[in-house]
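Protein chains: 2
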Amino acid sequence: MKILITAGPTREPLDPVRYLTNRSSGKMGYALAEAAHDRGHEVTLISGPVSLPPPEGMIVVKVETARQMYEAVRSHLGGQDTAIFSAAVADYRPVAKAEQKIKKTGETLTLTLEKTEDILGSARSVFGFTGYLVGFAAETERLLEHAHDKLARKGCDLVIANDVSQAGIGFDSAENEVTLCLPDASPFPLPRQTKAALARELIAFITQQAALKKTL
Amino acid sequence: MKILITAGPTREPLDPVRYLTNRSSGKMGYALAEAAHDRGHEVTLISGPVSLPPPEGMIVVKVETARQMYEAVRSHLGGQDTAIFSAAVADYRPVAKAEQKIKKTGETLTLTLEKTEDILGSARSVFGFTGYLVGFAAETERLLEHAHDKLARKGCDLVIANDVSQAGIGFDSAENEVTLCLPDASPFPLPRQTKAALARELIAFITQQAALKKTL
Numbered sequence: 001m002k003i004l005i006t007a008g009p010t011r012e013p014l015d016p017v018r019y020l021t022n023r024s025s026g027k028m029g030y031a032l033a034e035a036a037h038d039r040g041h042e043v044t045l046i047s048g049p050v051s052l053p054p055p056e057g058m059i060v061v062k063v064e065t066a067r068q069m070y071e072a073v074r075s076h077l078g079g080q081d082t083a084i085f086s087a088a089v090a091d092y093r094p095v096a097k098a099e100q101k102i103k104k105t106g107e108t109l110t111l112t113l114e115k116t117e118d119i120l121g122s123a124r125s126v127f128g129f130t131g132y133l134v135g136f137a138a139e140t141e142r143l144l145e146h147a148h149d150k151l152a153r154k155g156c157d158l159v160i161a162n163d164v165s166q167a168g169i170g171f172d173s174a175e176n177e178v179t180l181c182l183p184d185a186s187p188f189p190l191p192r193q194t195k196a197a198l199a200r201e202l203i204a205f206i207t208q209q210a211a212l213k214k215t216l
Numbered sequence: 001m002k003i004l005i006t007a008g009p010t011r012e013p014l015d016p017v018r019y020l021t022n023r024s025s026g027k028m029g030y031a032l033a034e035a036a037h038d039r040g041h042e043v044t045l046i047s048g049p050v051s052l053p054p055p056e057g058m059i060v061v062k063v064e065t066a067r068q069m070y071e072a073v074r075s076h077l078g079g080q081d082t083a084i085f086s087a088a089v090a091d092y093r094p095v096a097k098a099e100q101k102i103k104k105t106g107e108t109l110t111l112t113l114e115k116t117e118d119i120l121g122s123a124r125s126v127f128g129f130t131g132y133l134v135g136f137a138a139e140t141e142r143l144l145e146h147a148h149d150k151l152a153r154k155g156c157d158l159v160i161a162n163d164v165s166q167a168g169i170g171f172d173s174a175e176n177e178v179t180l181c182l183p184d185a186s187p188f189p190l191p192r193q194t195k196a197a198l199a200r201e202l203i204a205f206i207t208q209q210a211a212l213k214k215t216l
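Protein chains in written order, with the UniProt record's numbering: chain A, 1 to 216; chain B, 1 to 216.
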């Protein structure tokens with residue numbers, strides 16, 4: 001099976017040195033890519049800036065901004081059977097990037113941010129993707145409500161809900177604890193485990209579900 | 001000699017997952033700390049979030065925000081002979097940190113930023129530091145003008161000017177090329193070299209100059 005996986009944060013520059021980003025380390029996405037590769041899938045990994053070594057045996061596309069990740073997904077989504085969007089793409093970016101480093105002059109600085117491209121939301125509607133579509137919901141409150149909303153609005157087959165407010169799991173942790181949200185099914189919580197073990201479990205589940213979807 | 005060194009970027013949170021930061025990798029500051037330790041100095045390293053292994057044989061204080069770095073410097077500056085502020089401290093931070101992850105609702109988002117604490121500028125005036133004071137100026141334009149301005153305004157003995165607009169040197173590069181700016185002297189450019197080699201040269205120079213200052 002051909003699987004596209006996105007991973008890591010994106011960086012949205014204010015000027016040549018400063019940027020907006022988030023606490024995603026890319027560990028979960030890289031673990032998913034390794035697990036998918038180990039299971040014999042053909043993997044394309046589209047990665048934001050992370051400090052992890054690039055995994056072997058797959059196509060790795062490195063990007064920095066949400067716009068670049070959007071373009072990379074658009075280019076590589078054709079022909080994929082499954083897409084797993086685990087990257088923590090910035091929702092907002094500065095409207096303009098200053099050409100030179102902004103000097104520390106005024107007491108305050110007002111920054112206007114605009115929405116970035118909605119990559120997961122574009123998969124069905126813009127890119128015409130018909131394969132098995134997996135999103136992640138990283139939330140700090142009302143986790144399952146946000147996850148189910150995402151599932152419906154973006155046409156996902158599965159949303160993996162991740163409470164990033166808890167210490168020891170989620171962003172930049174070695175372990176993770178997630179809940180699977182599927183259309184017309186109760187939320188299914190998985191036990192807390194290392195990201196590598198969780199990735200193997202998720203890839204096994206996704207492999208089965210994606211195969212099942214093809215037979216429908 | 002006792003040397004305090006700051007290194008790395010700072011992160012200024014918008015909410016539990018998003019933050020403002022900059023491209024500093026901490027490599028230059030960590031190389032300076034290693035070089036100072038190798039020369040037999042007693043080193044205190046105050047580091048922002050970096051993906052480098054913590055160096056051996058010195059006190060390492062890890063911080064995240066500009067305010068935390070300010071407090072850590074305030075706590076550790078007493079009794080130091082030399083202070084090298086190589087960290088790329090955020091100049092501005094969001095006025096308020098949202099308790100929960102900001103949801104993607106409006107088309108635009110306005111962020112009000114306020115100035116952070118001026119750590120280098122506080123060394124003499126607030127912390128009463130009388131030792132040898134070294135600042136860094138990381139600029140993308142009018143480098144020496146900014147560096148000399150910093151030298152005078154902040155009471156530095158030395159400002160190390162670093163053009164971060166050039167590819168291959170400065171932030172997140174393995175190599176660096178800097179110019180030494182001293183009061184009442186012409187700018188003194190050093191050749192481009194690895195950060196480790198440059199750190200040894202800078203520590204040798206600073207050791208001599210700091211000893212010289214003590215005899216005055």
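Glycine included, every Cβ here is placed at the ideal spot set by N, Cα and C. Since the model is a prediction, treat every value here as computed from it, not as a measurement.
Under 9 Å from the C-beta of residue i: neighbouring residues of chain B
i, result
"residue 110 of chain A", "110, 111, 112 and 113"
"residue 91 of chain A", "18, 102, 103, 104 and 109"
Whether residue i touches residue j by CB criterion (8 Å)
i, j, result
"residue 23 of chain A", "residue 49 of chain A", "no"
"residue 86 of chain B", "residue 1 of chain B", "no"
"residue 113 of chain A", "residue 93 of chain A", "yes"
"residue 123 of chain A", "residue 89 of chain A", "no"
"residue 158 of chain A", "residue 143 of chain A", "no"
"residue 183 of chain B", "residue 151 of chain B", "yes"
"residue 121 of chain B", "residue 83 of chain B", "no"
"residue 190 of chain B", "residue 32 of chain B", "no"
"residue 162 of chain B", "residue 138 of chain B", "yes"
"residue 21 of chain A", "residue 46 of chain A", "no"
"residue 104 of chain A", "residue 16 of chain A", "no"
"residue 69 of chain B", "residue 63 of chain B", "yes"
"residue 26 of chain A", "residue 52 of chain A", "yes"
"residue 192 of chain A", "residue 35 of chain A", "no"
"residue 110 of chain A", "residue 108 of chain B", "no"
"residue 81 of chain B", "residue 206 of chain B", "no"
"residue 140 of chain A", "residue 173 of chain A", "no"
"residue 149 of chain B", "residue 116 of chain B", "no"
"residue 57 of chain A", "residue 37 of chain A", "yes"
"residue 136 of chain A", "residue 169 of chain A", "no"
"residue 156 of chain B", "residue 134 of chain B", "yes"
"residue 97 of chain B", "residue 13 of chain B", "yes"
"residue 119 of chain A", "residue 178 of chain A", "no"
"residue 55 of chain B", "residue 30 of chain B", "yes"
Contacts that residue i makes with chain B (C-beta to C-beta distance below 8 Å)
i, result
"residue 141 of chain A", "100 and 101"
Chain B contact residues for residue i, given Cβ-Cβ distances below 7 Å
i, result
"residue 165 of chain A", "16"
For residue i: DSSP bridge partner residues
i, result
"residue 101 of chain B", "Answer is none; residue 101 of chain B lacks a bridge partner."
"residue 180 of chain B", "B:160 and B:188"
"residue 207 of chain B", "For residue 207 of chain B, which the question treats as bridged, DSSP gives no partner whatsoever."
"residue 175 of chain A", "A:169 and A:194"
"residue 2 of chain B", "B:42"
Amino acids of chain A, ordered along the chain, whose beta-carbon sits closer than 8 Å to that of residue i
i, result
"residue 138 of chain B", "17 and 101"
Could you run through the region 176 to 195 of chain A and flag, in chain order, every residue whose CB is less than 9 Å away from some CB of chain B?
-> Of all residues in the region 176 to 195 of chain A, none has a Cβ within less than 9 Å of some Cβ in chain B.
Taking a cut of 7 Å between CB atoms, which residues from the region 22 to 42 of chain A lie near chain B?
-> Cβ contacts with chain B: 22 and 23.
What are the start and end residues of each continuous beta strand (DSSP E) run of 3 or more residues lying completely inside the region 72 to 138 of chain B, in chain order?
-> Whole beta strand (DSSP E) segments, 3+ residues: 82 to 85, 92 to 94 and 108 to 115.
Could you list the residues in the region 39 to 66 of chain B with a C-beta less than 8 Å from some C-beta on chain A, going in chain order?
-> Answer set for the region 39 to 66 of chain B: 51.
Which runs of the beta strand (DSSP E) spanning at least 3 residues fall entirely within the region 6 to 62 of chain B, listed in chain order?
-> Counting only runs of 3+ residues, the beta strand (DSSP E) found wholly inside the region 6 to 62 of chain B occupies 18 to 22, 42 to 47 and 59 to 62, in chain order.
Short-range partners of chain B found in the region 145 to 171 of chain A, where Cβ spacing is below 7 Å | Going along the region 145 to 171 of chain A in chain order, one finds 164, 165 and 171 with a Cβ nearer than 7 Å to chain B.
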